[in-house]
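The listed protein sequences derive, respectively, from chains B and Z.
Under our numbering, the first residue of the first sequence carries the number 191, and numbering increases by one thereafter.
Under our numbering, the first residue of the second sequence carries the number 2, and numbering increases by one thereafter.
Yeah, the Cβ is synthetic: ideal placement off N, Cα and C, and Gly gets one too.
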Amino acid sequence: MINPNNFTFDIHQKMRENNVLLAFTGEFDMKIINALITSVKLKLVEVEEAARIQKKVYNVMVDCLETIFHSYETAQRKNASYNSFSIFTLSRDAGFYYLISGNYIFNDTMEARKKQIDKINALNTDGKKALFRDYIVDDTIADQDSDLAMLNIAIKSGNVLGYEFKKVDANNSFYIFQVKIKIL
Amino acid sequence: MTSLVIEGTDLTPSINFQPEKMDFEISGESRPENVRKFYEPVMEWIDNYKLFLEANKPKQGEKLVFKFKFQYFNSTSAKFLTSVIAKLDAIRQDLLPVEIEWYYDSPDIDMKNSGEEFSKMFAMPFRLFSIELM
């Protein structure tokens, strides 16, 4: 096992180097999500002068965290052995805020997730808004609440949604989802 | 017709529907754990109010003012807000003028855009107000 002191120091250094404002790893239940939302709200007031950006980061972050929770609920309904250990980080550099989530997904749902994000990324702003309107008036189009949340994130962030899948074993992959918000 | 008043929480909005004054307001944060459970009684109340208006014809010149003052609503809430606005649109078309006032925190461009989107969806003019909500 890695020396826990070194490990903690390494994480701390890496978080500093990457301007991580907040990081949480563990199981995301509603209590944790609410605590994170409150922490980020306070943190943004501290680090971000532009109220407009504070609001935007907050709006996108709530949908990101809820998406992790929806994925967790859906996966657990499908299979009780689902590993719910997830991560969320908020960081920034000179040009952008980065909201990154990571959670396990079953390999057989990976293609559908890819298609869903690629479809959103291929649309321009008006196309995204039109699809959002379709989703909210017709329950049968969106597969689940996470489709709607994902689209909302894309509209509000104004940027392409990033993703990556790290294969863990024959059944599971770790799904990393990245949203960028431009600091104006 | 009795009023509908629901206290807001960190996760759910305040509801204050005062039919006597024709004054209706939803305000605060909307990200309930169970969105359907929260909004269903609200929509049912509006359905009953429409029936009430049908039975008690509004006086000439009366109008209904409906205020939305959200600090935040999640995407699932947007589905239910669409249903609420659709019900208001039906009242507007069948019974009496409805004025929708959409308030947003001045730096919150996303909230302003949401008001504009809903207005466009229902071809219904919204009055947009930029205020300090934070």
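{"Check": "Contact set between M122(Z) and chain B, taken where Cβ atoms lie within less than 9 Å", "Outcome": "R323, I326 and V327"}
{"Check": "Contact under 8 Å by Cβ, P20(Z) with Y50(Z)", "Outcome": "yes"}
{"Check": "Opening and closing residue of the alpha helix (DSSP H) in which A87(Z) lies", "Outcome": "S76 to D95"}
{"Check": "Test item: CB-CB of Y288(B) and N362(B) under 8 Å", "Outcome": "no"}
{"Check": "Closest residue to F18(Z) among I101(Z), L12(Z), I27(Z) and T10(Z) (Cα-Cα distance)", "Outcome": "I27(Z)"}
{"Check": "Residues bridged to L289(B) [DSSP beta-bridge criterion]", "Outcome": "L280(B) and V369(B)"}
{"Check": "Per-residue contacts from K319(B) into chain Z (C-beta, under 8 Å)", "Outcome": "E118"}
{"Check": "Environment of T77(Z) [buried if 16+ CB atoms lie within 10 Å]", "Outcome": "buried"}
{"Check": "Spatial distance of E8(Z) from I16(Z) (CA atoms)", "Outcome": "7 Å"}
{"Check": "DSSP three-state assignment for N17(Z), whether helix, strand or coil", "Outcome": "strand"}
{"Check": "Same chain, Cβ closer than 8 Å to M23(Z), neighbours up to 5 away in sequence not counted", "Outcome": "E63, K64, L65 and V66"}
{"Check": "Contacts of S28(Z) in chain B (Cβ-Cβ under 8 Å)", "Outcome": "Under the 8 Å cutoff, chain B gives no residues; its nearest Cβ is about 17 Å from S28(Z)."}
{"Check": "Where I132(Z) falls: helix, strand or coil (DSSP)", "Outcome": "strand"}
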